[in-house]
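Chemist:
In my numbering, the protein residues as written are 1297 to 1661.
#1: In the DSSP assignment, what are the bridge partners of residue 1521?
#2: Let me confirm a value: residue 1660 is counted as buried when at least 16 other C-beta atoms fall within 10 Å, else exposed. Which label applies?
#3: Could you tell me which of 1306, 1626 and 1637 sits nearest to residue 1519, measuring between CA atoms?
#4: What did DSSP end up calling residue 1641 once you bin it into helix, strand or coil?
#5: Taking 8 Å as the cut-off, does the region 1582-1602 touch the region 1552-1569 (at least 3 CB pairs, one atom from each stretch)?
#6: When you compare the CB positions of residue 1639 and residue 1608, do they come within less than 9 Å of one another, or not?
#7: Looking at residue 1317 and residue 1662, is the spacing between their C-beta atoms short of 9 Å?
#8: Locate the alpha helix (DSSP H) running through residue 1570, then write down its first and last residues.
#9: For residue 1631 and residue 1449, I'd like the C-alpha separation in whole angstroms.
#10: So residue 1537 and residue 1495 are supposed to be a Cβ contact under 8 Å. How far apart are they, rounded?
#11: Can you give the Cα-Cα distance for residue 1658 and residue 1385, rounded to whole angstroms?
#12: Name the one or two DSSP bridge partners that residue 1590 has.
#13: Does the contact criterion of 3 or more C-beta pairs under 8 Å hold for the region 1339-1355 versus the region 1305-1322?
#14: Span of the beta strand (DSSP E) holding residue 1372?
#15: Over the uninterrupted alpha helix (DSSP H) stretch that includes residue 1366, give me the two end residues.
#16: Within the chosen definition, does the region 1412-1419 reach the region 1433-1441 through at least 3 CB pairs nearer than 8 Å?
#17: Touch check for the region 1368-1378 and the region 1419-1430: three-plus C-beta pairs under 8 Å?
#18: Can you tell which of 1595, 1383, 1543 and 1581 has the C-alpha that lies nearest to the C-alpha of residue 1554?
#19: With a threshold of 6 Å on Cβ separation, who are the neighbours of residue 1322 within its own chain once the five nearest residues in sequence on each side are excluded?
#20: Residue range of the beta strand (DSSP E) that residue 1653 falls in?
#21: Quick check on DSSP: helix, strand or coil for residue 1546?
#22: Looking only at its own chain, which residues have a Cβ that is under 6 Å from the Cβ of residue 1396, when we skip the five neighbours before and after it?
#23: Assign residue 1390 to one of three DSSP states: helix, strand, or coil.
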């Protein structure tokens, strides 16, 4: 367990050291090239050693700077007070850098057998590097703030995606809770009325009801299914309705084979065909018709559900619970990348038109 915990820390430490080594390497290259152009005799090893000594000191100082930047972020109120704190911290870090770099220079001189004092190294460093050190402090704080902004943005994005996922799941569960009572009440009433007139039809209706309930229970956690499954489920529901209406309901399917494998939201068609039956067919004694079409159009899937009832009335513009829930689910899943239109057809009746982006189902039966 301890080795697992130490592995990320070692990785972060190695990355931290590699970052400052790359900065030192870059400045060593610049120092070596500029010295060569100006005619100064500086070897690559001397340039690299001096540069790494500079930036490894900053690597050490960056640790308290990063802590201070997290403790007092630049956007902390009051802004002027925070700015003064960071100015004081920058001056302190600049002085600390000069002292540490002086000690390193003095130790290097002693190793090389040279005689030099602390002051002889300190004074030139103070004059040459103090303003630059303030800039380095500012860059470290700016990088810390940018990383903090990115982390917060990433966290908000992940949280938003999780909320969308949970909301879509809640929409689906709400839809299922609305559909199953309709299945049961309508179908059981139909079975009860057929038991004394047509036992065979009642038996077929009971079998189909059991199949639909089994499918609805087994798919409660799936956000998507193939259009083939949705067509099959809608066909089973409409078959129950055909038995209940005693042949008064005609059902037509016009589905392109290329569209069957496209992924669509689970239980997409059922509330649409139920709405067509309840509002377009059930109120009348005359024969009724429900037609479902689906076809691929480049990167889009076009679906229509049409009935030959009286159509939409001005006081009820198709804003029922089932259709409203379906509209909300589509908006949640696709955003602006879809179309949901409901309206009357010239020949009489109501039509729902869907246009969804093409997504292949993850698994096809």
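Heads up, the beta-carbon is just placed ideally off N, CA and C, and yes, glycines get one too.
Modeler: This is what the structure holds:
#1: 1560
#2: Here the model assigns residue 1660 a pLDDT of 41, short of 50, so the residue's position is not dependable and the matter cannot be decided.
#3: 1626
#4: coil
#5: yes
#6: yes
#7: Since the first and last residues shown for the chain are 1297 and 1661, residue 1662 lies out of range.
#8: 1566-1572
#9: 21 Å
#10: Not a contact, Cβ separation roughly 19 Å.
#11: A caution first: residue 1658 carries a pLDDT of 46, below 50, which makes its placement in the model unreliable, though a value can still be read off. C-alpha separation (whole angstroms): 56 Å.
#12: 1551 and 1599
#13: yes
#14: First-last for residue 1372: undefined, no H or E at that position.
#15: 1340-1367
#16: no
#17: no
#18: 1595
#19: none
#20: 1646-1653
#21: strand
#22: 1353
#23: helix
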